[in-house]
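Trainee: Please find one structure pasted underneath; my questions will follow.
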Amino acid sequence: MSSIKDFTLNCPIPISDYPSVTLAHGGGGKLMHQLIERMILPAFKSELLETRHDGAVFNLGGAKLAFTTDSYVVNPLFFPGGDIGSLAINGTVNDLSMCGARPVYLSCGFILEEGLPMETLWAVVQSMKQCAEAAGVQLVTGDTKVVDRGKGDGIFINTAGVGVIENELTIAPASVRAGDAVILSGDIGRHGIAIMAVREGLEFESKIESDCAPLNGAVHKLINAGLDVHCLRDLTRGGLGTTLIEIAEATGLHIAIEETKIAVREDVAGACELLGFDPLYLANEGRFVAFVPEDQAEEAVAVLSREAVSKEAVRIGTVTDGGAGLVTMKSRIGTSRIIDMLSGEQLPRIC
Amino acid sequence: MCLAIPGKILSTDGEDFARLARVDFGGIVKEVNLAYVPEAQIGNYVIVHVGFAISVVNEAEANQVFEYLKQMDELGELGELSPEAKAAKKEQ
Amino acid sequence: MKYISEYRDPVAAQEFAQTIRRITTRPWTIMEICGGQTHAIVKFGIDELLPKEITLVHGPGCPVCVTPLELIDKAVQIASRPDVIFCSFGDMLRVPGSKEDLFAVKARGGDVRVLYTPLECLKIARANPDKQVVFFAVGFETTAPAHAMAVYQAKQQGITNFSIIVSHVLVPPAMEAILSAEVCKVQGFLAAGHVCTIMGYDEYFPVAEKHKVPIVVTGFEPLDILQGIAMCVAQLEQGRHEVENQYTRSVKKDGNLPARALIREVFRVVHRKWRGIGEVPESGLALAPEYADFDAERRFGVTEYTAAESPECISGDIMRGLAKPSDCKAFGTRCTPEKPLGAPMVSNEGACAAYYRYRRAELLTVGKAQ
């Protein structure tokens, strides 16, 4: 049997880095972060990239702008509460909002798989039209390509967006301070479970709808209330847990949250228990966290709760000094644990 | 080795090894195989593991955990709650 | 959620903690052999509630962790075949074999699917008559009835393009092996509540008697585990070594009779090799002769195989309760969930992964933990 005294330092590790990209690299967790940090960021050195926020913010010709891009590869294309089109529009609208910008213009690139039914494409385009109108943005340029059958998942969409920043705030992780309140805009986990529910083998009878929604209205109200918003981030892949860890690591501060303050709908919780998922890491498409000074926390919650998309906004925790870039959560039974990043996507488990 | 959770039987269909149920887990409904719990009826709670009900929850025993706690409290000189227990109670 | 939330009550949890502190007068080492319990203990921080005299060790309760390396390699080989649709529980996908894991096979284009229930395989097999559907049948006794039913129904329905790779292990022999080892620090056990829901707890009486250890059949919610620990400590303090049942709302002494019957029908007990521990007699299941056709290893001719473990990995010691993950020199540095050296770091509730996710920073001494 192996024992500690037998090990040597030059034994081969069964699996070190994967020689090719795996699905886990897209999961929003550690592997994806490694891919970005080691392969991509070093090639394109720039101050703007280093901020590692949802979008780039800069001055151009006298205007303060935000610029972002995102690609959408969801399978299934249609799910309760949305489709790849609504994700594509709202996702980019939201990333711009998280920079404190008013989203204005979007571009859209389609990669279509040979054999995709025209009806499907039409449905997606109509959905995008509706979402753009609801969010108050215009699609002003785009591109379309077709790839061979088998080389794409039906449709891949990339959207990029430009927004204008009409406030003096610097909304980014760098602005977060010890003592800030952490506010969550609503319940978590719906999108992740909605997607999982449609995928083969994990179908549920009851419909859990994705929370896919534009957040620019809520953000606009928050900023216009004159609040000193330090940071905003929407929760997408990797969920609340990953988002908070990213911010803690970027700031080097400690974020302490309470499990009992985080709302999870009962049916989402039931699905999580059944499949062995932790709602903390489930994807969301219509939720964000906001970091504001302690003395403005109550007002921030009040402002957000007057907007439909954030009507269940609640304070979930506080930023403190020390704890070097960690997130801790007080469990419902009163003990504390460190929230760590997952390596890849959560998979349904039996143990 | 053990991810199994309780859910409530809403309806059943079929017989013997092909007997299936719609089971409600806090609002999410899933099809479950009842082959191993032939005694299970609509309204019962079953413990479900990988799509199979493995036991019917004995509702009479559900409170046993709290009864044990009460007994232990009575046995010991547990008059005063610990600071942590007090804090937990206050938060409720 | 009913029959879950009640057992996460914070006041009761603190009261249990207080009770355990009151009755504990000496150091005790208690082992749980159940991945689900390991997961719950670390997730809810239950060991934080216990007095320092109580040491909780995590046994080989993760069937994913104890699946031999060769079997993973065989699974990878079978899954790589173009005519195979390879189905598995999610747990197995990232467990490292000698070179690859099933995830890597999927990345290369293999048809690898995660299923919630093995019965899905039958639907897939019927829908894909030109393919071979293979299921990685891993688990303790809890999952055996599900696999038994899949094979039984496949035979009844004449489905021939379905087979399983069997990696089933049994708990009581593992307990016996741990207790019979030369070095054994374990003084009491929490037995796995869902394993016992199937098997009952008859098999534990001889173990408790022979080794003079209390065994408490325990559930999975925080209050269940706390009560199980309280009952075990009470026995230890009183010098008793009985088998008790904490999880009475699910476990009966005889277990689940129809499930046990089908397991006996479809499987037979064999000697099995446990990764990290070695061969334990009569500790596993294999298909019974009448169902041997459904054995994927036979069907695909992958029976001869050996593979070497990473020498750094001390998972064997960890799973026998002789070491904690934090004792391993590679823990958190050369061995992490992204680059696991052994199975307990990959499987969600392997002791090392559980420790890593929830404790790592504490162990690497960072500021205040709360």
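Residue numbers (my numbering), protein chains in the order written: chain P, 9 to 359; chain C, 213 to 304; chain A, 45 to 414. For each residue, glycine too, the CB sits at the ideal point set by N, CA and C.
At what residue ranges does the stretch 25–101 of chain P contain a whole run of the alpha helix (DSSP H), taking only runs of 4 or more?
Mentor: Segments of the alpha helix (DSSP H) lying fully in the stretch 25–101 of chain P: 38–43 and 55–58.
Trainee: Could you name the residues that DSSP lists as bridge partners for His315 (chain A)?
Mentor: Taking the third sequence and counting its residues from 1, one reaches residue 315 (chain A) at position 271. Answer is none; His315 (chain A) lacks a bridge partner.
Trainee: Suppose you measure from the CA of Ile67 (chain A) to the CA of Lys269 (chain P); what does that come to, to the nearest Å?
Mentor: Here the question's residue 67 (chain A) lines up with position 23 in the third sequence. Here the question's residue 269 (chain P) lines up with position 261 in the first sequence. Using only the alpha carbons, I get a separation of about 34 Å.
Trainee: Alpha helix (DSSP H) containing Ser218 (chain P): first to last residue?
Mentor: In the first sequence, residue 218 (chain P) corresponds to position 210, counting from 1. Note, Ser218 (chain P): premise wrong, no alpha helix (DSSP H); not H, not E.
Trainee: Cys239 (chain P) lies in the beta strand (DSSP E); which residues open and close that run?
Mentor: The residue labelled residue 239 (chain P) in the question sits at position 231 within the first sequence. Run containing Cys239 (chain P): Cys239 to Asp242, per the beta strand (DSSP E) assignment.
Trainee: Between Val277 (chain C) and Asp174 (chain A), how many whole angstroms is the CB-CB distance? I'm expecting something under 8 Å.
Mentor: Start at 1 with the first residue of the second sequence, and residue 277 (chain C) comes out as number 65. Start at 1 with the first residue of the third sequence, and residue 174 (chain A) comes out as number 130. The Cβ separation is near 53 Å, so there is no contact.
Trainee: Let me check one thing: in DSSP terms, what residues is Leu350 (chain P) bridge-paired to?
Mentor: Residue mapping note: residue 350 (chain P) aligns to position 342 of the first sequence, counting from 1. None; Leu350 (chain P) has no bridge partner.
Trainee: Under 7 Å between beta-carbons, which chain C residues line up against Asp275 (chain P)? List them in chain order, please.
Mentor: Taking the first residue of the first sequence as position 1, residue 275 (chain P) is located at position 267. Chain C residues near Asp275 (chain P): Gly238, Gly239 and Ile240.
Trainee: Which one or two residues does DSSP pair with Cys131 (chain A) in a beta bridge?
Mentor: In the third sequence, the residue the question calls residue 131 (chain A) occupies position 87. A:Arg157 and A:Phe179.
Trainee: Do Val101 (chain A) and Ala387 (chain A) have their beta-carbon atoms positioned less than 8 Å apart in this structure?
Mentor: Taking the first residue of the third sequence as 1, we reach residue 387 (chain A) at position 343. Taking the first residue of the third sequence as 1, we reach residue 101 (chain A) at position 57. The answer is no: Cβ separation not under 8 Å.
Trainee: Can you check which of these residues, P:Val132, P:Gln134 and P:Ile119, is closest to Asp151 (chain P) by C-alpha distance?
Mentor: On the first sequence, residue 151 (chain P) is found 143 positions in, with the first residue counted as 1. It is P:Ile119 whose Cα lies nearest to the Cα of Asp151 (chain P).
Trainee: If I'm right that Ala395 (chain A) touches Pro355 (chain A) with Cβ under 8 Å, what's the distance once you round it to whole angstroms?
Mentor: By 1-based counting over the third sequence, the position of residue 395 (chain A) is 351. By 1-based counting over the third sequence, the position of residue 355 (chain A) is 311. About 19 Å; that fails the 8 Å criterion.
Trainee: According to the neighbour-count rule (16 or more other Cβ atoms, all chains shown, within 10 Å of its Cβ), is Asp298 (chain A) buried or exposed?
Mentor: Position 254 of the third sequence holds residue 298 (chain A). Per the 10 Å Cβ criterion, exposed.
Trainee: What three-state label does DSSP hand Arg395 (chain P) in the structure shown?
Mentor: Residue 395 (chain P) cannot be examined here, being either before or after the span of chain P that is shown, 9 to 359.
Trainee: Relative to the alpha-carbon of Ala271 (chain P), which residue among P:Glu58, P:Asp161 and P:Glu320 has its alpha-carbon at the smallest distance?
Mentor: Locating residue 271 (chain P) in the first sequence gives position 263, counting from the first residue. Cα-wise, what sits closest to Ala271 (chain P) is P:Glu320.
Trainee: Answer with buried or exposed for Trp318 (chain A), where buried requires no fewer than 16 other C-beta atoms within 10 angstroms of its C-beta.
Mentor: Start at 1 with the first residue of the third sequence, and residue 318 (chain A) comes out as number 274. When all chains shown are included, Trp318 (chain A) counts as buried.
Trainee: Whole-angstrom Cβ separation of Tyr113 (chain P) and Gln146 (chain P), contact assumed at under 8 Å?
Mentor: Locating residue 113 (chain P) in the first sequence gives position 105, where the first residue counts as 1. Locating residue 146 (chain P) in the first sequence gives position 138, where the first residue counts as 1. Right, the Cβ-Cβ distance comes to about 6 Å (below 8 Å), so this counts as a contact.
Trainee: Quick check on Gly79 (chain A) - is its C-beta less than 8 Å from some C-beta in chain C?
Mentor: To locate residue 79 (chain A), count along the third sequence from 1; it is residue 35. Judged by the 8 Å Cβ criterion, Gly79 (chain A) is in contact with chain C.
Trainee: Does the beta-carbon distance from Ile179 (chain P) to Arg323 (chain P) come in below 8 Å?
Mentor: Working through the first sequence from its first residue, we reach residue 179 (chain P) at position 171. Working through the first sequence from its first residue, we reach residue 323 (chain P) at position 315. Their beta carbons are not under 8 Å apart, which means Ile179 (chain P) does not touch Arg323 (chain P) by this criterion.
Trainee: Under 7 Å between beta-carbons, which chain A residues line up against Glu279 (chain C)? List them in chain order, please.
Mentor: For the purposes of this step, residue 279 (chain C) is identified with residue 67 of the second sequence, where counting begins at 1. The premise fails here: Glu279 (chain C) is roughly 10 Å from chain A at the closest Cβ pair, so nothing lies under 7 Å.
Trainee: Going along chain P in order, which residues have a C-beta closer than 8 Å to the C-beta of Val258 (chain C)?
Mentor: The residue labelled residue 258 (chain C) in the question sits at position 46 within the second sequence. The premise fails here: Val258 (chain C) is roughly 13 Å from chain P at the closest Cβ pair, so nothing lies under 8 Å.
Trainee: Grouping DSSP H, G and I as helix and E and B as strand, with all else coil, what is Cys116 (chain P)?
Mentor: Looking up residue 116 (chain P) in the first sequence gives position 108. Three-state result, Cys116 (chain P): strand.
Trainee: Mind pulling the chain P residues with CB within less than 7 Å of Leu215 (chain C)?
Mentor: Within the second sequence, numbered from 1, the residue matching residue 215 (chain C) stands at position 3. Simply Gly284, Arg357, Ile358 and Cys359.
Trainee: Does any C-beta atom of chain C lie closer than 8 Å to the C-beta of Ile242 (chain A)?
Mentor: Locating residue 242 (chain A) in the third sequence gives position 198, counting from the first residue. Judged by the 8 Å Cβ criterion, Ile242 (chain A) is in contact with chain C.
Trainee: The beta strand (DSSP E) with Asp225 (chain C) in it runs from where to where?
Mentor: As a working note, residue 225 (chain C) is residue 13 in the second sequence. Residues Ile217 to Asp225.
Trainee: Which two residues bound the contiguous alpha helix (DSSP H) that contains Ser135 (chain P)?
Mentor: Indexing the first sequence from 1 puts residue 135 (chain P) at position 127. Where Ser135 (chain P) is concerned, the enclosing alpha helix (DSSP H) stretches over Met126 to Ala143.
Trainee: Answer yes or no: do Gly219 (chain C) and Asp275 (chain P) have a C-beta to C-beta separation smaller than 8 Å?
Mentor: Position 7 of the second sequence holds residue 219 (chain C). Position 267 of the first sequence holds residue 275 (chain P). No.
Trainee: Of all the options P:Leu288, P:Gln354 and P:Phe299, which has the alpha carbon lying nearest to the alpha carbon of Ala186 (chain P)?
Mentor: In the first sequence, residue 186 (chain P) corresponds to position 178, counting from 1. Taking only the C-alpha atoms, the option nearest Ala186 (chain P) is P:Phe299.
Trainee: Within 10 Å of its beta-carbon, does Asn232 (chain P) have 16 or more other beta-carbons around it, so buried, or fewer, so exposed?
Mentor: The count along the first sequence starts at 1 and reaches residue 232 (chain P) at position 224. Label assigned to Asn232 (chain P): exposed.
Trainee: Keeping to the same chain, check which residues put their C-beta closer than 7 Å to that of Ile12 (chain P); ignore five residues upstream and five downstream.
Mentor: Position 4 of the first sequence, counted from the start, is the residue given in the question as residue 12 (chain P). Only weak support exists for where Ile12 (chain P) lies, its pLDDT of 32 falling under 50; the value from the coordinates is given anyway. Closer than 7 Å at Cβ, skipping near neighbours: no residue.
Trainee: With a threshold of 8 Å on Cβ separation, who are the neighbours of Thr161 (chain A) within its own chain once the five nearest residues in sequence on each side are excluded?
Mentor: If you number the third sequence from 1, residue 161 (chain A) lands on position 117. Same-chain partners within the cutoff: Ala190.
Trainee: Is it buried or exposed, Asp62 (chain P), if we count other Cβ atoms within 10 angstroms and call 16 or more buried?
Mentor: As a working note, residue 62 (chain P) is residue 54 in the first sequence. Classification for Asp62 (chain P): buried.
Trainee: With a 10 Å radius around its C-beta and 16 neighbouring C-beta atoms as the bar for buried, classify Pro54 (chain A) as buried or exposed.
Mentor: Residue mapping note: residue 54 (chain A) aligns to position 10 of the third sequence, counting from 1. With 16 or more other Cβ atoms within 10 Å, it is buried.
Trainee: When the cut-off is 8 Å and only beta carbons count, does Glu320 (chain P) lie next to chain C?
Mentor: Residue numbering aside, residue 320 (chain P) sits at position 312 when the first sequence is read from its first letter. By this cut-off, Glu320 (chain P) is not an interface position.
Trainee: Buried or exposed for Pro250 (chain C), please, with buried defined as at least 16 other CB atoms from any protein chain shown within 10 angstroms of its CB.
Mentor: The sequence position of residue 250 (chain C) within the second sequence is 38, counting from 1. Exposed, by the Cβ-count rule.
Trainee: Take the Cβ of Ala221 (chain P) as the centre, count every other Cβ of all protein chains shown within 10 Å, and call the residue buried at 16 or more, exposed below.
Mentor: As a working note, residue 221 (chain P) is residue 213 in the first sequence. Its Cβ being crowded by 16 or more others within 10 Å, Ala221 (chain P) is buried.
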